[in-house]
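*Asks:* Dumping the structure here so I can ask a few things about it.
2 protein chains.
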Amino acid sequence: MAQDKARVLIVGTGGVGTMAAYALETGGKAEVTAVFRSNYAAVEKDGIDIDSIEHGHDIKGWRPTAIRKTVPNVKEENLQPFDFILVTTKNIPDLPPTVADIIEPAVTAGKTAIVLSQNGLNIEKPLVERFPTNPIISSISYIGATEKSHGKIIHDDADAQKIGPFTNPGVSPAAAEAAARRYVAIYNATGKLDVTFDGDVKFVRWRKLVYNSSFNSVAAVLRMDTCRMRMSQHVIDDLVRPIMLEIVAAARANGVPLTDDVPEKVIRVDPTDTFFKPSMCQDAEKGNFMEIETIVGEPLREGEAKGVAMPTLRTVYGLLKGIQLQHREKKGVWEAKWTPDNPYL
Amino acid sequence: MAQDKARVLIVGTGGVGTMAAYALETGGKAEVTAVFRSNYAAVEKDGIDIDSIEHGHDIKGWRPTAIRKTVPNVKEENLQPFDFILVTTKNIPDLPPTVADIIEPAVTAGKTAIVLSQNGLNIEKPLVERFPTNPIISSISYIGATEKSHGKIIHDDADAQKIGPFTNPGVSPAAAEAAARRYVAIYNATGKLDVTFDGDVKFVRWRKLVYNSSFNSVAAVLRMDTCRMRMSQHVIDDLVRPIMLEIVAAARANGVPLTDDVPEKVIRVDPTDTFFKPSMCQDAEKGNFMEIETIVGEPLREGEAKGVAMPTLRTVYGLLKGIQLQHREKKGVWEAKWTPDNPYL
């Protein structure tokens, strides 16, 4: 093991996490331990096959330095501390275990920087509370990468990320920024990726929400790809653009100066020749839990707290919670029954 | 044929239309011709089996006076005029053929009264335009009756209707009311049904919309029964009640004095021991066309025209149109493609 390599733990090894593992290892400045779950056996046996527009179309049987079935317990296993933990799981604070719960055994206080490659607002808050002396880093990713089956990755849209420090009162701004910049440097060591430092985390996150709160959530309720939404025209006019305008207003009310041209640009950002279904839509179709609170609930609360009317997003939020309830019931987390305190009995 | 019996044509012979046929015939004051479509062969061969809470549980092989595969052409076939045409089909003005198109061959100008047993607003307008000298009658029905398979009817909730005249400028109010009262009399000849005259058609229709615009439309978007909606609580709080309050406000702005207690009553109107899915929800699940315009679009337009803010219903309307578009695509009425004039291409 080269002593100068950063020790990186990756939690969440779907398309995004696996491509991060590959970029970090092949850049030569990091040594990756990756946690695989349902795909562990396949990866242990045959490694990972990758078809990547940036790293090569014919990568076969690749493995990171170490693979694990569970998050390592650094103290109990007497491991060297991790310099970074990259989290690419979904963030569903309403359904435990939380991100903080999951990564806690691998975090070394005052040392490990935690990189959250997840969308939405206020995702750092539970981590700041749990890990008050650790740098918390924001990654907003625009990569297109999917695990088609266990250990088979298609990476078909460039690995672009904007990375910057979240505010953690127990970490100096200089140390937080240094951690974020170091992460960019080791991730981008190959020099060929569009992974850059951007200190205005709040702006970057609200800007991405213009897409996610609108297209993602409406696509989930309708189970409709973004091409058909645009072909229909009325789904844009009645739902997508109204939500985008509500998000822009909420962002501005929170000091984030999104410009007037953003919605019309974002409406047209997806390719017109593929029927792309955003992640929340795919989750809705598969009966998986959706990231409703971070992508819809939090911006709604942040906007309404500043007096911004957000009736379209508020209604879609209620519907998404209804769909999530159906998923909870199917997974046995909720039971359809009358409780004596139910006012509608 | 008894000369004093009213000649009634029934278009739409699912549960509601078939139970109307049975009530009208067995009352002894009407002679029914019923149009069967997909169920024609079954009814011609074996008649209709009915399990009814009001007429008997073991009715076997019943047939009305006449059955038809298509709407009769009174002139071409040189038939006696119909006194009444009862329409119980779905009303989907955005998808031809319209109700007026369908029944036109059977309407005798100045003679046939047209009974619309359909929910929603402004359904009489195209009929007033097409048939300016015919009484148009409103029936708001609360019956529970379902065709389980061709010619097999379960009638499990009482046949209650409120019947009154729509306004048709070419028909005197007295003649319109007389036609409605005559229909009530012949329908209710058995004396055991709760089918009554109510001249305040506007009130009756808005009152029913408190349920239909809210429970029906939210159930359709979520594909959720009304029990689960109430068990969840939040689906009521976030979606159903807000829509009900919007409908009440829209009704009042249109001169219909719905009282404050209506929403809380209607929220609790369904039985708590059956997982009932409203008709629009069943249509959404089956990929059938939904009555979006009469039940959602028209009340929305009527309310907004009077300056009432209806953001929850407006959002649900947009989503229902999106679902309808998917149904249109599946039925080959809409094609997912870019047209050169699409501004989102």
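Sequence lines, in order, name chains A and B. The numbering of the first sequence is the UniProt record's numbering, which starts it at 1 and goes up by one. The numbering of the second sequence is the UniProt record's numbering, which starts it at 1 and goes up by one. Ideal Cβ placement from N, Cα and C applies to all residues, glycine included.
(1) So that I know if they touch, is there some Cβ in chain A lying closer than 9 Å to that of B/H327?
(2) Compute the Euclidean distance between the alpha carbons of B/D286 and A/R7, then round it to the nearest angstrom.
(3) Determine which residues share a DSSP beta bridge with residue 393 of chain B and list them.
(4) I need the straight-line Cα distance from A/L79 to A/T65, nearest angstrom please.
(5) In whole angstroms, what separates the C-alpha of A/A145 from that of B/H327?
(6) What in chain A is Cβ-close to B/N342, meaning under 9 Å?
(7) Sorted by chain position, which residues of the same chain lie with C-beta nearer than 7 Å to A/A189's C-beta, five sequence neighbours on each side aside?
(8) Can you check DSSP and say which residues form a bridge with B/S149?
(9) State yes or no: is the C-beta of A/K75 within less than 9 Å of the C-beta of A/Y40?
(10) Quick check on DSSP: helix, strand or coil for A/E335?
(11) Counting only beta-carbon separations shorter than 9 Å, does B/W338 have a partner in chain A?
(12) Quick one: Cα of B/S217 to Cα of B/S279, how far?
(13) What are the start and end residues of the alpha helix (DSSP H) that includes residue 346 of chain B?
(14) Which residue's Cα is closest to the Cα of A/A273: B/Y344, B/A176, B/R63?
(15) Runs of 4 residues minimum, wholly inside the segment 9-46 of chain A: which ones carry the alpha helix (DSSP H) assignment?
(16) If you compare alpha carbons, which of B/V210, B/M290, B/T294 is closest to B/D261?
(17) Excluding five sequence neighbours on each side, which residues of the same chain lie with their C-beta closer than 7 Å to the C-beta of A/S213?
(18) What would DSSP say about A/A160, mapped onto helix, strand or coil?
(19) How do the segment 41-54 of chain B and the segment 160-170 of chain B stand: do at least 3 beta-carbon pairs fall below 8 Å, yes or no?
(20) B/Y142 to B/G15, Cα distance in whole Å?
(21) Using a Cβ-Cβ cut-off of 6 Å (strictly less than) and excluding sequence neighbours within five positions of A/F275, which residues of its own chain qualify?
(22) Given that a residue counts as buried once 16 or more other Cβ atoms are within 10 Å of its Cβ, and exposed if not, what is A/A34?
(23) Sorted by chain position, which residues of the same chain lie with C-beta nearer than 8 Å to A/I267's C-beta, five sequence neighbours on each side aside?
(24) List, in chain order, every chain B residue whose beta-carbon is nearer than 8 Å to that of A/K330.
(25) From this set, A/G318, A/W206, A/G47, which residue's C-alpha is nearest A/I123's C-alpha?
(26) What are the start and end residues of each continuous alpha helix (DSSP H) run of 4 or more residues lying completely inside the segment 192-267 of chain B, in chain order?
(27) If we define contact as Cβ-Cβ less than 9 Å, is A/G262 a contact residue for chain B?
(28) At least one CB of chain A closer than 9 Å to the CB of B/F276: is that the case?
(29) Going by other Cβ atoms of all chains shown within 10 Å of its Cβ, with 16 needed for buried, is A/P257 buried or exposed?
(30) Which residue wins for smallest C-alpha separation from B/K152, given the options B/M19, B/E304, B/A305?
(31) What are the residues in the segment 286-311 of chain B lying within 7 Å of chain A by C-beta distance?
(32) With a threshold of 6 Å on Cβ separation, who are the neighbours of B/R130 within its own chain once the five nearest residues in sequence on each side are excluded?
(33) Tell me the rounded alpha-carbon separation between B/K337 and B/L319.
(34) Leaving aside the five residues before and after A/N73 along the sequence, list all residues of the same chain whose C-beta is less than 6 Å from its C-beta, in chain order.
(35) Find the residues of chain B that neighbour A/V316, judging by a C-beta separation of less than 9 Å, and give them in chain order.
(36) State the Cα-Cα distance for the pair A/Q233 and B/N342, rounded to the nearest angstrom.
*Replies:* Quick look at the numbers:
(1) For B/H327, no Cβ of chain A is located within less than 9 Å of the residue's own Cβ.
(2) According to the sequence displayed, residue 286 of chain B carries Lys and not Asp. Roughly 53 Å between the two C-alpha positions.
(3) Any property of residue 393 of chain B remains undetermined from this structure, which presents chain B solely from 1 to 345.
(4) Approximately 15 Å, taken between the alpha carbons.
(5) Within the model, the alpha-carbon separation for A/A145 versus B/H327 is close to 31 Å.
(6) Per Cβ cutoff of 9 Å: R230, M231, Q233.
(7) Here the set comprises G27, G28, K29.
(8) Per DSSP, the beta-bridge partners of B/S149 are B/K152.
(9) No, Cβ-Cβ distance for A/K75 and A/Y40 is not below 9 Å.
(10) Three-state DSSP puts A/E335 in coil, outside helix and strand.
(11) It does; some Cβ of chain A falls within 9 Å.
(12) Rounded to the nearest whole angstrom, the C-alpha separation of B/S217 and B/S279 is 9 Å.
(13) The structure shown does not extend to residue 346 of chain B, since chain B is modelled only from 1 to 345, so the question has no answer here.
(14) In the sequence under discussion, the amino acid at residue 273 of chain A is Asp, which differs from the Ala named in the question. Looking at the Cα atoms, B/Y344 is the closest of the given residues.
(15) For the segment 9-46 of chain A, whole alpha helix (DSSP H) runs of length 4 or above, ordered along the chain, are 15-26, 40-46.
(16) B/D261 has its Cα closest to that of B/V210, out of B/V210, B/M290, B/T294.
(17) In its chain, beyond the 5 residues on either side, I243, I247, I295, V296, P299, L313 have a beta carbon closer than 7 Å to the beta carbon of A/S213.
(18) Looking at A/A160 - three-state DSSP - the assignment turns out to be strand.
(19) With a cut-off of 8 Å, the segment 160-170 of chain B and the segment 41-54 of chain B do not count as touching, because too few Cβ pairs lie within range.
(20) Their Cα atoms are separated by approximately 12 Å.
(21) Beyond the five residues adjoining it in sequence on each side, A/F275 comes within less than 6 Å, by CB distance, of D225, C227 in the same chain, given in chain order.
(22) A/A34 counts as buried, since at least 16 other C-beta atoms from the protein chains shown sit within 10 angstroms of its C-beta.
(23) Excluding sequence neighbours, A/I267 sits near R230, I236, V240, R241, M244.
(24) Below the 8 Å Cβ cutoff, chain B contributes no neighbours of A/K330, its closest Cβ being approximately 12 Å away.
(25) Closest by alpha carbon: A/W206.
(26) Whole alpha helix (DSSP H) segments, 4+ residues: 201-211, 217-222, 226-232, 241-253, 262-267.
(27) The sequence given here has Val at residue 262 of chain A, not Gly. Closer than 9 Å: no.
(28) At a cut-off of 9 Å between beta carbons, B/F276 makes no contact with chain A.
(29) The Cβ neighbour count for A/P257, taken over all protein chains shown within 10 Å, is under 16; the residue is labelled exposed.
(30) By alpha-carbon distance to B/K152, the top candidate from B/M19, B/E304, B/A305 is B/M19.
(31) Here the close residues are P311.
(32) Around B/R130: A100.
(33) Approximately 20 Å, taken between the alpha carbons.
(34) Apart from sequence neighbours up to five positions away, the residues of its chain that approach A/N73 with a beta-carbon distance below 6 Å are P105, ordered along the chain.
(35) Those are T315, L319, listed as they occur along chain B.
(36) Pairing A/Q233 with B/N342, the inter-Cα distance amounts to about 7 Å.
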